[in-house]
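Worksheet for the structure shown next.
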Amino acid sequence: MFRLSKSLPSRDVQREHRDWLLESEKWRHARHVDRGYRIKWGYVGIAYLVEAMVIGASLAGAWLFAGVYSDGDNHSFYFMLLAPLVYAAVELCRVPLGILARTQRSYFVRGLAIIGIIFAAGVTTKSVSQLGEMMFHPRLMEAARTKTALKDAQADRASLDTRIAAADARVAQYTTELEQIEKRSTDNAAQLAGLPAQRCEKVFGTNSKGVRYQNLKCVTDPRVATLSASVAKAGADRTALTKDLEEARKARAQLDRGSADRRVADAEQAYRQAVNRSQLHSFTAMVYGVDPIEVTDAQVHAFLRIFVFVPALCAAFASTILALCAVSVRKTFMDEDDLGASVNPEATNYMLAPFAEGIVREVNASLQKSVKDAVASGAAIPLERRPGPVANPAAGTAGAGA
C-alpha cells in the first residue's frame with residue numbers, strides 16, 4: 000500500500016503543471032493578439048522539410064551531372080558545382096519570403112517578398128526540371144542509341160541492295176560478253192573451216208647461175224590469217240572474261256541479303272524494347288494515339304516539356320504556398336483582445352452611465368406618450384384628477400317638475 004500511494008502522482012504537481020500550461024497558452028495568445036497574426040510552426044516545419052529535400056536532391060543531381068560530364072577533369076567538376084550551390088542558397092529563401100509576404104504590413108515590402116518568391120521559384124524550377132530530365136535521360140538515350148542502330152542497319156541493307164544490284168549487273172554483263180565472244184569464236188571457226196584448202200604447185204625456174212631449180216609453192220587464202228587471228232583473240236578474251244565472271248560471281252555470293260535483313264530485324268526488336276521501357280514514349284504514344292515505335296522525336300520532346308516543367312513549377316511553389324497558409328492574420332477588431340486593451344472595473348460606471356440615462360429617458364417618454372393616448376381616448380382616467388360631488392337623482396327630478 001505504501002509503494003502504491005508513493006507511485007501515485009501528486010495533485011499539487013499536476014495542478015501547478017496545468018496552471019503553467021494555461022498561463023503559457025494565455026501568453027502565446029496575448030503575443031498573437033499583439034502581433035496581429037499567428038504562425039503555425041508545424042506547417043512551416045513541413046515546408047522547410049520539403050525545401051530541404053528539394054535542395055538535397057538538386058545538389059545530388061548536380062554532383063552526379065558534374066561527375067558524368069566533367070570527363071575526369073577535377074577543375075571542371077568543381078566549376079560545375081559552384082552554380083548549384085548558389086541556386087540552393089536562393090531556394091532556401093522561398094519559405095521565409097512566403098512568411099514575410101503574409102506578416103509584413105507594408106505593401107511595398109510584401110511586393111518585394113512576392114518578387115523574391117517568383118525569382119526563387121524560377122531557380123527551383125530550373126533545378127527540378129534538370130532532375131526530371133535526368134530521370135528520363137537514360138531511357139531516351141537508350142531509345143536514341145537503338146534507333147541509330149536501326150537506321151544504320153537499314154542504311155546497310157539499302158547499300159547492300161545497291162551493291163547486289165551492281166554485282167548482278169556485272170555478272171550479267173560478263174555473261175553477255177562471254178556469250179558474244181563464244182558466238183564470235185564459233186562463227187570465225189565455222190568461216191575458217193569453210194575456206195578452201197591450201198593450194199600447192201611446183202615452180203620451175205633458172206637461177207642467176209643458169210642452174211635450173213624446182214620448188215613447191217603453196218598459196219593460202221588471205222582470209223585464213225585474219226580468221227585465225229580472230230579465233231586466237233576470241234580464245235584469249237574468253238579466258239580473261241571467264242576469270243572476271245568467276246570473280247564477279249564470288250563477290251555476288253558474298254553479298255547475303257538474308258544477314259542484312261536479320262540485322263535490321265534485330266535492330267527493330269531492340270528499338271521496340273527500348274521504346275517500351277521508356278515511360279515518356281508510352282505516354283506520348285497514348286496522347287497522340289500512335290504506336291510507341293512510330294512516335295517522332297518532336298512529339299517526345301514536346302511531351303517532355305510537360306513532364307518536366309509542370310512538376311518543376313508545382314515543386315517550386317508547393318512549400319511556398321504551405322508557408323503562406325501557415326500564417327493566419329487577424330482581420331477583425333470588434334473584440335477587446337483585437338485592440339489589446341483591458342477595461343478597468345472602476346471606470347465601468349463612467350462608461351455605462353450615459354447609456355443607462357438614455358435608456359431611462361426613452362422608456363419614460365414612451366410611457367408618457369402611451370398614458371396621454373389612453374386618457375385622450377377615454378380608456379383611462381388620470382390619477383391626478385379628483386372626482387366632483389355626485390348629484391342626487393331624486394332632487395334633480397323634483398326640481399325639474401316644479
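Numbering of the sequence shown is given in numbering that gives the first Met the number 0, commencing with residue 0 and proceeding in unit increments.
Don't be surprised by glycine CBs; every beta carbon is placed ideally from N, CA and C.
Does the beta carbon of residue i come closer than 8 Å to any beta carbon on chain B?
i       : result
Gln-153 : Structure shown: chain B not included; a single protein chain is present.
So, under 8 Å CB-CB, residue i and residue j are touching, yes? Tell me the CB distance rounded to an integer number of Å.
i       : j       : result
Ala-269 : Thr-123 : With a Cβ gap of about 38 Å, Ala-269 and Thr-123 do not count as contacting.
Phe-308 : Phe-282 : Between Phe-282 and Phe-308 the Cβ distance is about 15 Å, and since that is not below 8 Å, they are no contact.
Arg-169 : Ala-247 : 5 Å
Val-94  : Val-43  : 7 Å
Leu-149 : Ala-266 : 4 Å
Gly-55  : Pro-310 : Not confirmed; about 17 Å, so no contact.
Leu-96  : Ile-116 : 5 Å
Ala-142 : Ser-277 : 5 Å
Ala-432 : Lys-39  : In the structure as shown, the chain starts at 0 and stops at 401, and residue 432 therefore has no counterpart that could be examined.
Ile-180 : Ala-231 : Going by Cβ atoms, the distance from Ile-180 to Ala-231 rounds to 12 Å, so no, they are not a contact pair.
According to DSSP, residue i sits in a beta bridge with which residue or residues?
i       : result
Ile-320 : According to DSSP, which records beta bridges pairwise, Ile-320 is partnered with nothing at all.
Tyr-287 : Answer by DSSP bridge pairing: none, since Tyr-287 is not bridged.
Ser-327 : Arg-37
Under a three-way DSSP split, which group does residue i fall into?
i       : result
Ser-229 : helix
Lys-201 : strand
Asn-206 : coil
Arg-104 : coil
Arg-10  : helix
Val-294 : coil
Asp-70  : coil
Leu-91  : coil
Ser-376 : coil
Leu-254 : coil
Ser-277 : coil
Smallest Cα separation from residue i: which of the options?
i       : options                            : result
Ala-250 : Arg-237, Ser-376, Arg-162          : Arg-162
Ser-327 : Arg-37, Glu-24, Arg-10             : Arg-37
Thr-102 : Gln-298, Val-374, Leu-323          : Leu-323
Tyr-47  : Lys-371, Ser-9, Ile-320, Ser-376   : Ile-320
Leu-404 : Asp-155, Leu-279, Ile-180, Arg-276 : This structure leaves residue 404 out entirely; the chain is present only between 0 and 401.
Leu-279 : Leu-99, Ala-61, Met-140, Glu-361   : Met-140
Ala-120 : Leu-91, Asp-296, Gly-131, Ala-148  : Leu-91
Thr-241 : Ala-171, Glu-267, Tyr-287          : Ala-171
Ser-229 : Leu-244, Asp-290, Ala-189          : Ala-189
Gly-35  : Arg-17, Glu-24, Arg-104            : Arg-104
Ile-45  : Ala-317, Lys-371, Ala-152          : Ala-317
Arg-271 : Thr-185, Ile-292, Gly-288, Gln-367 : Ile-292
Thr-174 : Tyr-287, Arg-237, Gln-213          : Arg-237
Phe-76  : Ala-88, Tyr-86, Leu-63             : Leu-63
Val-53  : Ala-87, Ser-69, Ser-23             : Ala-87
Val-263 : Phe-118, Asp-151, Gly-209          : Asp-151
Leu-177 : Ala-239, Val-362, Asp-167          : Ala-239
How many angstroms separate the CA atom of residue i from the CA atom of residue j?
i       : j       : result
Arg-183 : Arg-144 : 58 Å
Ser-444 : Val-359 : This structure gives no information on residue 444, because the portion of the chain shown stretches from 0 to 401.
Glu-15  : Ala-51  : 40 Å
Met-79  : Ala-59  : 12 Å
Phe-354 : Gln-13  : 46 Å
Asp-111 : Met-134 : The question names Asp, but residue 111 in the sequence shown is Leu. Cα to Cα, Leu-111 sits roughly 35 Å from Met-134.
Gln-298 : Ala-65  : 29 Å
Pro-137 : Val-67  : 12 Å
Glu-356 : Trp-19  : 44 Å
Ile-114 : Gln-153 : 54 Å
Met-285 : Asp-72  : 42 Å
Val-374 : Gln-367 : 11 Å
Thr-147 : Asp-186 : 58 Å
Arg-17  : Gly-41  : 23 Å
Ser-57  : Gln-129 : 8 Å
Arg-211 : Ala-224 : 33 Å
Arg-256 : Leu-244 : 21 Å
Leu-81  : Ile-305 : 28 Å
Val-274 : Val-294 : 9 Å
Just to confirm, does residue i get its C-beta within under 7 Å of one of the non-hydrogen atoms of the ligand PLP?
i       : result
Gln-272 : With respect to the ligand PLP, the structure offers nothing, as it holds no ligand at all.
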